[in-house]
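Visitor: To start, I am sharing the structure in question, which I have written as structure tokens.
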Amino acid sequence: MFPKSCVICVTGVARQVWGRFASTATGSVPSCSRKLRPVSKMSGWQIHSYGALDEIQYSDSLKMPVLRSPNQVLVKVTASSVNPIDVAMIKGYGATVLNAMRCKDGIEFPLTLGRDFCGEIVQKGLGLSSRDLDIGDEVWGVVPLQIQGSHAEYVVVDRYCVSKKPENLSKVDASAVLYAGLTAWSALYLTGHLGNLMGAISPVGGGRGKKVLVLGATGGVGTLAVQMLVAEGVEVYATCSTDAVEMVQHLGVDYVLDYNDPAHVQQLASVGR
1 MFPKSCVICV
11 TGVARQVWGR
21 FASTATGSVP
31 SCSRKLRPVS
41 KMSGWQIHSY
51 GALDEIQYSD
61 SLKMPVLRSP
71 NQVLVKVTAS
81 SVNPIDVAMI
91 KGYGATVLNA
101 MRCKDGIEFP
111 LTLGRDFCGE
121 IVQKGLGLSS
131 RDLDIGDEVW
141 GVVPLQIQGS
151 HAEYVVVDRY
161 CVSKKPENLS
171 KVDASAVLYA
181 GLTAWSALYL
191 TGHLGNLMGA
201 ISPVGGGRGK
211 KVLVLGATGG
221 VGTLAVQMLV
231 AEGVEVYATC
241 STDAVEMVQH
251 LGVDYVLDYN
261 DPAHVQQLAS
271 VGR
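In structure tokens form, the structure reads like this:
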């Protein structure tokens, strides 16, 4: 069993494959930390080679991650989600590119997965002021693909990867939002030009008069994209399976299209003209 203090939130396709829940670094920098008993080991889930999902192994003797920059934080993980990218990385997705990004200091195996997390800051580099982030702050964050992930008791990330968790989100909810949410935001605002480059601060309703089709509105990215579009006043069309129609309707979609229904497919073709 994973420690009770850690919760895994399983999302998207990974829900079907994950029933289980670190960094490895050398050297450290001066830091501020909560008074904790000295710990050199932690528990977590890792893979030691690429392959099938049963490559995942649990260990309670993983090396504790350490700060290597004055702008890093050590976070005690309270919840972490499973993304489709985690499942893909188990099978070797992006291995060549990610190894190049790790440079000489990076270690490929054992590899701890997990890209989203929520937790409490227990240590921070001296480059971070208390007005910014402090010991004991509850944060949510993301882990870059090339470094050790958050499916462990502790994770080290740079300051730009975390922010204070919104109080109205539970730990589990917060751990499942960022990767999918940032993917949706990037697609809509940066690629789709829904608003200006800083779409997150554009006036609500900036999408009025526009029509957008969301393919696969029940996944992590799809559900968040739909809600962003609705908030912007966009006329939203969304596809889903028959058993998900009601759920998608509750997201505020204008037209829900069952991709198993030929009549809906024809309706979509006529709307697009």
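Counting in full-length UniProt numbering, the sequence shown runs from 1 upward without gaps.
All C-beta atoms, glycine included, are put in the ideal place defined by N, C-alpha and C.
All values derive from a computational prediction rather than experimental measurement.
#1: In terms of residue numbering, what span does the beta strand (DSSP E) encompassing D158 cover?
#2: On a Cα-Cα basis, can you pick out the residue from E153, G216, Y259, L188 that is closest to S59?
#3: Taking three-plus beta-carbon pairs below 8 angstroms as touching, is the region 183-196 in contact with the region 117-128?
#4: Could you name the residues that DSSP lists as bridge partners for W140?
#5: Considering only the alpha carbon of each residue, which of Y189, I135, S49 lies closest to Y93?
#6: Just to check my reading of the structure: V75 and V157 have Cβ atoms closer than 8 angstroms, yes? What is that Cβ distance to the nearest angstrom?
#7: Around the Cβ of V39, are there at least 16 other Cβ atoms within 10 angstroms (buried) or fewer (exposed)?
#8: What separation, rounded to the nearest whole angstrom, lies between the Cα atoms of G136 and L145?
#9: Exposed or buried, what is C103 when buried is set at 16 or more other beta-carbons lying within 10 Å of its beta-carbon?
#10: Please name the residue in M228, I85, D254, A231 whose C-alpha comes closest to that of T239.
#11: Specify, as a first and last residue, the run of the beta strand (DSSP E) that L62 falls within.
#12: Which term fits A79, buried or exposed, when burial requires 16 or more other beta carbons within 10 angstroms of its beta carbon?
#13: Please classify V39: does DSSP put it in a helix, a strand, or coil?
#14: Assuming P84 and Q148 make a contact with CB atoms under 8 angstroms, what is their CB distance in whole Å?
#15: If you follow the beta strand (DSSP E) that T78 is part of, which residue opens it and which one closes it?
#16: Within 10 angstroms of its Cβ, does F117 collect 16 or more other Cβ (buried), or is it exposed?
#17: DSSP on V212, reduced to helix/strand/coil?
#18: With D258 as the anchor, note down where its beta strand (DSSP E) starts and where it stops.
#19: From what residue to what residue does the alpha helix (DSSP H) around A238 run?
#20: From the DSSP secondary-structure annotation, give me the bridge partner or partners of K124.
Guide: According to the structure data:
#1: The residue labelled residue 158 in the question sits at position 158 within the sequence shown. In the DSSP annotation of this structure, the continuous segment of the beta strand (DSSP E) that includes D158 starts and ends at 154-158.
#2: Counting from one through the sequence shown, the residue named residue 59 turns up at place 59. It is E153 whose Cα lies nearest to the Cα of S59.
#3: With the cut-off at 8 angstroms, the region 183-196 and the region 117-128 do not touch.
#4: Here residue 140 refers to the residue found at position 140 when the sequence shown is read from its first residue. In DSSP, W140 forms a bridge with C118, S163.
#5: Position 93 of the sequence shown, counted from the start, is the residue given in the question as residue 93. It is S49 whose Cα lies nearest to the Cα of Y93.
#6: Residue numbering aside, residue 75 sits at position 75 when the sequence shown is read from its first letter. Residue numbering aside, residue 157 sits at position 157 when the sequence shown is read from its first letter. Yes, V75 and V157 are in contact; Cβ-Cβ is about 7 angstroms, under 8 angstroms.
#7: To locate residue 39, count along the sequence shown from 1; it is residue 39. V39 counts as exposed, since fewer than 16 other C-beta atoms from the protein chains shown sit within 10 angstroms of its C-beta.
#8: Working through the sequence shown from its first residue, we reach residue 136 at position 136. Working through the sequence shown from its first residue, we reach residue 145 at position 145. Near 26 angstroms, if we compare the C-alpha coordinates of L145 and G136.
#9: Stepping through the sequence shown from its first residue, residue 103 is reached at position 103. So C103 ends up on the exposed side.
#10: Within the sequence shown, the letter at position 239 stands for residue 239. When each option's Cα is compared against that of T239, the closest is D254.
#11: Position 62 of the sequence shown holds residue 62. Element bounds for L62: 57-63.
#12: Looking up residue 79 in the sequence shown gives position 79. Taking all protein chains shown into account, A79 has 16 or more neighbouring C-beta atoms within 10 Å of its C-beta and is therefore buried.
#13: Translated into positions along the sequence shown, residue 39 becomes position 39. In the structure shown, V39 adopts coil according to DSSP, grouped into three states.
#14: Within the sequence shown, residue 84 is the residue found at index 84, counting from 1. Within the sequence shown, residue 148 is the residue found at index 148, counting from 1. At roughly 19 angstroms, the Cβ-Cβ gap does not stay under 8 angstroms, so P84 and Q148 are not in contact.
#15: Here residue 78 is taken as the residue at index 78 of the sequence shown, counted from 1. In the DSSP annotation of this structure, the continuous segment of the beta strand (DSSP E) that includes T78 starts and ends at 72-82.
#16: For the purposes of this step, residue 117 is taken as residue 117 along the sequence shown, with counting starting at 1. By the 10 Å Cβ count, F117 comes out buried.
#17: Locating residue 212 in the sequence shown gives position 212, where the first residue counts as 1. DSSP, read as helix, strand or coil, puts V212 in strand.
#18: By one-based count along the sequence shown, residue 258 stands at place 258. Note, D258: beta strand (DSSP E), 255-258.
#19: Numbered from its first residue, the sequence shown carries residue 238 at position 238. Where A238 is concerned, there is no enclosing alpha helix (DSSP H), although the beta strand (DSSP E) it sits in stretches over 235-240.
#20: Reading the sequence shown from its first residue, position 124 is the one you call residue 124. Beta-bridge annotation (DSSP): K124 is paired with C32, V73.
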